[in-house]
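Have a look at the structure below before the remarks.
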Amino acid sequence: MATSGAASPLRIQNYHEDGEQNLISQEEPSSSRGGWGAAIFIIFVEVAERFAYFGMAGNLITYLTNELHEPIPMAAKNVNTWVGVSSLLPLLGAFIADAFLGRFSTIFVSSIIYLLAMVLLTITVSVIPLHYQKAMFFVALYMLSVGLAGHKPCVQTFAADQFREDSPEEKKAKSSFFNWWYLGITVGASAAILVVIYVQDNVGWAAGFGILTGAMAVALAVFLFGYKKYRKQGPLGSPFTTVAQVFVAAVRKRHINGTSTGFGVYSRDDKDQHETRRLLAQTSQLRCLDKAIIIDHLDASSKNRNPWRLCSLNQVEEVKLVLRLIPVWMCCLLFAVVQSFVQTFFTKQGSTMVRSIGPNFKLPQASLQIFLGLTIAVAIPIYDRVFVPTARKFTGHSSGITILQRIGIGLFLSIISMIVAALVEAKRVGIVIDHNLLDNPKAIVPMRVWWLIPQYMVCGLSDVFTFVGLQEFFYDQTPEAMRSMGAAAYLSVLKKPVRRKSWLNVDDQEVKLLAYIAVEYLINKDDNL
């Protein structure tokens, strides 16, 4: 029998059963905090932040070229660099939140930085002399990236934390929350594209940035107003240390064959009991890591547990959770590439088609993206209020269908969107050939731009299933001490390597790829006639 250490007593248990994770949960004292009453404040903050971000980023290259007089290649490079930095910094922000500050404090500090950056941007475009304007603008821009680093990975996670996991009703409400959260993001982004960019182009940059600054100021005030309603969790220590301890302990005991050669397994410790709400049952996957919980002769003879030699069952299972996320994350990277066509190839298609509405108005080629937002705005309430209750009657699942089923449906719809886009492109290229326009790339193809609406709508539906499903999946399947990191991993799915060639953010290789597919389709179709 193992001896018990004073600081961390060993609980020995011959634990060989397989089971699903999250079977054991601890009761928490009932509280009036949390729930929808708290989450609604955080949703408002995210809507305002997305409104501010898209209102600034959506027209950034226009400001760089028209106001700072940068050449288009340099402006595109500066935008790409800023987007890349803003995409990587949330990983650092998530680590700081999980390990040191906690999510509430990280959101508060990053929101202040975000607001100060917006104030500085507004001052820069309105009163700073032109010869100092460029330097000040980029200082404010990268200051905004620092604010995004703490804001993006923590806000959604903190909002989801408001729903208790040991309550069936709140667990069901949390699943619904992810739907409305994504709807809020879509509303904020669409409002910025429709309103703020118009103000920037037709009224003035100072007025446009002033609107964004006001939105962030109101958001911060609302966030603080809900302070007493929030459930707050402090930092739980470095997640990387936890993962490293399991691997090191498993390697050091790699020659031990099962628990029969040891003194049992180390099931739980005081940290598991007090710092986490979820206790995980042992699973049969990745059994090589189970060696980290085996108590050998050296562990049994030691007064204090060495965490680099002996890990708890809960700690090992949390590492397994992280490893099981990797295949899903990798599968969804290509989905982000498909969705990037909305801002690239779809926009380029529209630029070559007839966009006039009446004699005096021409629809901007990027404006059709509003159909993506409208589809999401209509589909999410239908999904949450009609589809989920109906599916629940047949499946018995609280969310109607499982998270992985939802992600799978979205991935399938993304394939359908590419098929629809290819068929429309085949039709467009066919008209180009019929009218002998192949040698005139700037000519307008006699084909109405409304042909593109179906592919935008299918992309919107795939977003409703995949993006919302990924949000919930990465939150639900990530250990509590790493949930901000899980949100950062989800956000990384939304990013892609880009090679922007023009102010339209169009990658010519993407255009050539689908054009080639379309031409091949037409040739093969003619051969079969």
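Each position in the sequence shown, counted from 1, maps to that position plus 65 in this note's numbering. Here a beta-carbon is modelled for each residue, glycine too, at the ideal position from N, C-alpha and C.
Counting the other CB atoms within 10 Å of its CB gives F406 a total of 16 or more, which places it among the buried residues. E230 and K297 have their C-alpha atoms some 15 angstroms from each other.
About 5 angstroms separates the beta carbons of A486 and Q520, which is inside the 8 angstroms limit, making them a contact pair. DSSP places P136 in no alpha helix (DSSP H); its state is neither H nor E. For P454, the enclosing alpha helix (DSSP H) starts and ends at 453-460. Inter-residue distance for L277 and A315 is about 51 angstroms (C-alpha atoms, whole angstroms). Of the residues A365, L378, I321, P372, the one whose Cα lies closest to the Cα of L344 is L378. With contacts defined as CB atoms closer than 7 angstroms, F530 and G475 qualify as a contacting pair.
F119 places its beta carbon 7 angstroms or farther from that of A225.
Between F106 and the set G534, A162, F288, A200, the nearest pair of CA atoms involves F288. When the Cα atoms are used, L556 and P218 turn out to be separated by approximately 8 angstroms. Following the DSSP letters along the chain, one finds P511 inside the beta strand (DSSP E) bounded by residues 510-513. Sequence-distant Cβ neighbours of I468 in its own chain, meaning closer than 6 angstroms and more than five residues away, are G534, E537, F538. Setting aside the 5 residues that flank it on each side, V190 is surrounded in the same chain by W270, A271, F274, each with a C-beta closer than 6 angstroms to its C-beta; the list follows chain order. In the three-state reduction of the DSSP assignment, F400 falls in the helix class.
For F411, the three-state secondary structure derived from DSSP is helix. For R319, no alpha helix (DSSP H) run applies, since DSSP gives it neither H nor E.
With a 10 Å radius around the Cβ and a threshold of 16 neighbouring Cβ atoms, G461 comes out exposed. Beta-bridge analysis with DSSP links S421 to K427.
The Cβ-Cβ distance between L285 and L180 falls below 7 angstroms. Sequence-distant Cβ neighbours of A140 in its own chain, meaning closer than 6 angstroms and more than five residues away, are I126, L129, T130. Ranking M512, D541, Y263, C524 by CA distance to the CA of L390 puts D541 first. Taking C-beta atoms under 8 angstroms as the contact rule, E545 and L301 qualify, at a distance of about 7 angstroms.
Between P155 and A214, the beta carbon gap of about 5 angstroms places them in contact (Cβ cut-off 8 angstroms). Assignment of L344 by DSSP, reduced to helix, strand and coil, places it in the strand class. Counting C-beta pairs closer than 8 angstroms gives fewer than three between the stretch 155-167 and the stretch 237-255, which falls short of the contact rule. For the pair D528 and I441, the CB atoms are nearer than the 7 angstroms cut-off. Residue state for V283 is assigned as helix, using DSSP reduced to three classes. Annotation: the continuous alpha helix (DSSP H) that includes G534 extends over 518-541.
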